[in-house]
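Enquirer: The structure is given below, and queries will be raised subsequently.
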């Protein structure tokens with residue numbers, strides 16, 4: 069029946085954590101972009117097998 073509930077929740081949780089990290093004022097722009105790109109790559113590898 070399509071995607072299961074647990075991987076979808078994991079993807080949403082990781083995205084929320086990434087954007088909360090990126091919104092911290094003490095984090096530099098360079099580090100922000102690195103974290104967001106890393107999360108995007110991880111999400112691609114998580115989604116492709118489904």
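Residue numbers (this note's numbering): 69 to 118.
Even glycine gets a Cβ: it sits at the ideal position worked out from N, Cα and C.
Would you kindly work out how many angstroms separate the C-alpha atoms of residue 86 and residue 104, rounded to a whole number?
Expert: Residue 86 sits at position 18 when you count from the first residue of the chain shown. Residue 104 sits at position 36 when you count from the first residue of the chain shown. When rounded, the distance between both Cα atoms is 6 Å.
Enquirer: Taking only three categories from DSSP, how would you classify residue 103?
Expert: Locating residue 103 in the chain shown gives position 35, where the first residue counts as 1. DSSP places residue 103 in helix when its eight states are reduced to three.
Enquirer: What did DSSP end up calling residue 95 once you bin it into helix, strand or coil?
Expert: Translated into positions along the chain shown, residue 95 becomes position 27. In this structure, residue 95 counts as coil in the three-state DSSP scheme.
Enquirer: Of the residues 107, 111 and 112, which one's Cα is nearest the Cα of residue 88?
Expert: Taking the first residue of the chain shown as position 1, residue 88 is located at position 20. Closest option to residue 88, Cα to Cα, is 107.
Enquirer: How big is the Cα-Cα spacing for residue 111 and residue 94?
Expert: Here residue 111 corresponds to residue number 43 of the chain shown, with the count starting at 1. Here residue 94 corresponds to residue number 26 of the chain shown, with the count starting at 1. Their Cα atoms are separated by approximately 25 Å.
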